[in-house]
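Count the sequence shown with our numbering and you get residues 79 to 429, in order. For every residue, glycine included, the Cβ atom is placed at its ideal position computed from N, Cα and C. Fair warning: this is a prediction, and the values are worked out from it, not measured in the lab. To start, the structure under review is shown below, and the notes come after it.
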Amino acid sequence: ACIFLDQNNTCRIHARFGPEGKPFACRPYPFVLLPAGKQARVSLRFDCPSVAGNQGRPLPEHRTEIQALLARALPPRLAEAEPPAFRPGLHLDWQALARIAGAFDRLLATETLDITRRMLACADLAGLLARATLADLEGPKLDDFLGVLVRALTAGVAVNPLQRRQPVGMVPPLFRQAAGLYGRLDRLIDQGGSAGQRLARLGRRLGHSLRLLGGRGTVPPVREGLPSARFADLECPFGIPGPEAAAVLTRYYRVKLDGFGFCGRAVYGWSFLEGVGALLLTFPLILWYARLFALGAGRPALDAEMVQRAVRVVDRPHGNTVALALPHERIRLRFLAEHENLSTLIVWYGT
Numbered sequence: 079a080c081i082f083l084d085q086n087n088t089c090r091i092h093a094r095f096g097p098e099g100k101p102f103a104c105r106p107y108p109f110v111l112l113p114a115g116k117q118a119r120v121s122l123r124f125d126c127p128s129v130a131g132n133q134g135r136p137l138p139e140h141r142t143e144i145q146a147l148l149a150r151a152l153p154p155r156l157a158e159a160e161p162p163a164f165r166p167g168l169h170l171d172w173q174a175l176a177r178i179a180g181a182f183d184r185l186l187a188t189e190t191l192d193i194t195r196r197m198l199a200c201a202d203l204a205g206l207l208a209r210a211t212l213a214d215l216e217g218p219k220l221d222d223f224l225g226v227l228v229r230a231l232t233a234g235v236a237v238n239p240l241q242r243r244q245p246v247g248m249v250p251p252l253f254r255q256a257a258g259l260y261g262r263l264d265r266l267i268d269q270g271g272s273a274g275q276r277l278a279r280l281g282r283r284l285g286h287s288l289r290l291l292g293g294r295g296t297v298p299p300v301r302e303g304l305p306s307a308r309f310a311d312l313e314c315p316f317g318i319p320g321p322e323a324a325a326v327l328t329r330y331y332r333v334k335l336d337g338f339g340f341c342g343r344a345v346y347g348w349s350f351l352e353g354v355g356a357l358l359l360t361f362p363l364i365l366w367y368a369r370l371f372a373l374g375a376g377r378p379a380l381d382a383e384m385v386q387r388a389v390r391v392v393d394r395p396h397g398n399t400v401a402l403a404l405p406h407e408r409i410r411l412r413f414l415a416e417h418e419n420l421s422t423l424i425v426w427y428g429t
């Protein structure tokens, strides 16, 4: 944690000197400012309690201060910023990427569907776009194509029975290890100490990793403050998240999509589709942690407060921790985000 945080986890510099007194690296938080052609897009960090809880002033009321930050936060030749690849070997312009992000957003905004079916439709759309030929589709043609897909997927998931199929093979152990990575706190302060202390921390982390890999007994305490629960209890049905919990999740994913806070410069330079896959994978990860919090509180179902806590846990490292940029972690996320694996995880933890 930052040395300038007080006992209430608020910034002492901000309290004494105002926002202008803080180092510039701190001032944009919780906003994430990203170049997107001739525009700048704004995403949000949901590890911020106020963002996760939908508190504070409405986003449009921050426009003036955001514009003041843009001049220093983004390169002066903003319009020349290249868009991320759509997928390996295929590059689209910013307008096309925005249209495709809008298709995912329309699925997420479909209130006639529960949140699990919306996420399943998004996974289906990502799977179709990974194989689709898009090079000759521009402007209205692309809109028409995406419109057909959105309507078909909406109708399809509406009648999907959401039959739970337990993940098999390497999916469960790799998913649990991904959950452990998302849950742990990597801090510079933890790299200090004597050789014996560093060795002890490494031993604990290795022990946690092995327990996550095995998936037996109780979940290891990958960070302070997590409740104790048995792995087996996390796999039981919890039901589809209700409307209030769904609203937390919907806001999270729509903000990330609208601000392009899931690919390119925001997330390790990943392609659009790789970023979408990793973003959608956070849905079962968030619900895994929400279940952990529910079990710790002795509750049989998820509520909005538990989901908010889980969103804060999972969003903190997403796009920010060095560990997720490592080649073996990227391979793991790609495997888990493959359509069949991702769809199974969405239904398994989303029901």
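{"Check": "The stretch 184–201 / the stretch 331–346 touching (three or more Cβ pairs under 8 Å)", "Outcome": "yes"}
{"Check": "For residue 394, three-class secondary structure by DSSP", "Outcome": "coil"}
{"Check": "Classification of residue 352 by the beta-carbon crowding that lies within 10 angstroms, buried from 16 upward", "Outcome": "buried"}
{"Check": "Beta-carbon proximity of residue 181 to residue 227, cut-off 8 Å", "Outcome": "yes"}
{"Check": "Cβ neighbours of residue 170 in the same chain (closer than 6 Å, five flanking residues each side left out)", "Outcome": "164"}
{"Check": "Supposed contact pair residue 390 and residue 127 - C-beta distance, whole angstroms, cut 8 Å", "Outcome": "7 Å"}
{"Check": "Same chain, Cβ closer than 7 Å to residue 366, five either side skipped, listed in chain order", "Outcome": "257, 312, 427"}
{"Check": "Of the listed residues 348, 244, 392, 386, nearest to residue 425 (C-alpha basis)", "Outcome": "244"}
{"Check": "Straight-line Cα distance separating residue 321 from residue 48", "Outcome": "Since the first residue of the chain shown is 79 and the last is 429, residue 48 is not available in this structure."}
{"Check": "Coil, strand or helix - residue 127 by DSSP", "Outcome": "helix"}
{"Check": "Neighbour-count burial assignment, residue 200, 16 or more Cβ in a 10 Å radius", "Outcome": "buried"}
{"Check": "Check whether residue 238 and residue 195 have beta carbons under 8 Å apart", "Outcome": "yes"}
{"Check": "Rounded separation between residue 303 and residue 318 - CA only", "Outcome": "26 Å"}
{"Check": "Pair within 8 Å by beta-carbon distance, residue 118 and residue 137", "Outcome": "no"}
{"Check": "Cα-Cα separation between residue 123 and residue 144, rounded to whole angstroms", "Outcome": "14 Å"}
{"Check": "Where residue 121 sits in the DSSP three-state scheme", "Outcome": "strand"}
{"Check": "Other residues of its chain near residue 90: CB distance less than 6 Å, five sequence neighbours each side excluded", "Outcome": "82, 84"}
{"Check": "Cβ distance (whole Å) where residue 193 is taken to contact residue 357 below 8 Å", "Outcome": "Contact flag wrong, Cβ pair sits at about 15 Å."}
{"Check": "Nonlocal neighbours in the same chain, by C-beta distance under 8 Å from residue 248, ignoring five residues either side", "Outcome": "413"}
{"Check": "For residue 237, the first and last residue of its enclosing beta strand (DSSP E)", "Outcome": "Per DSSP, residue 237 belongs to no beta strand (DSSP E) and is neither H nor E."}
{"Check": "Cβ-Cβ distance between residue 204 and residue 354 below 8 Å", "Outcome": "yes"}
{"Check": "Identified DSSP bridge partners for residue 296", "Outcome": "308"}
{"Check": "Pick from 316, 330, 282, 209 that is closest to residue 130, judged by C-alpha positions", "Outcome": "330"}
{"Check": "Distance between residue 191 and residue 139 (C-alpha atoms, nearest Å)", "Outcome": "31 Å"}
{"Check": "Residues near residue 254 by beta carbon distance below 6 Å, same chain, minus five either side", "Outcome": "290, 293"}
{"Check": "Every unbroken alpha helix (DSSP H) inside the stretch 344–381 [4 residues or more]", "Outcome": "350–374"}
{"Check": "The beta strand (DSSP E) enclosing residue 113, as first and last residue numbers", "Outcome": "109–114"}
{"Check": "Three-way DSSP call (helix, strand, coil) for residue 342 in this model", "Outcome": "strand"}
{"Check": "Closest by C-alpha distance to residue 150, when choosing among 111, 166, 161", "Outcome": "111"}
{"Check": "Residue environment, residue 207, which counts as buried when at least 16 other CB atoms sit within 10 Å", "Outcome": "buried"}
{"Check": "Check whether residue 307 and residue 382 have beta carbons under 8 Å apart", "Outcome": "no"}
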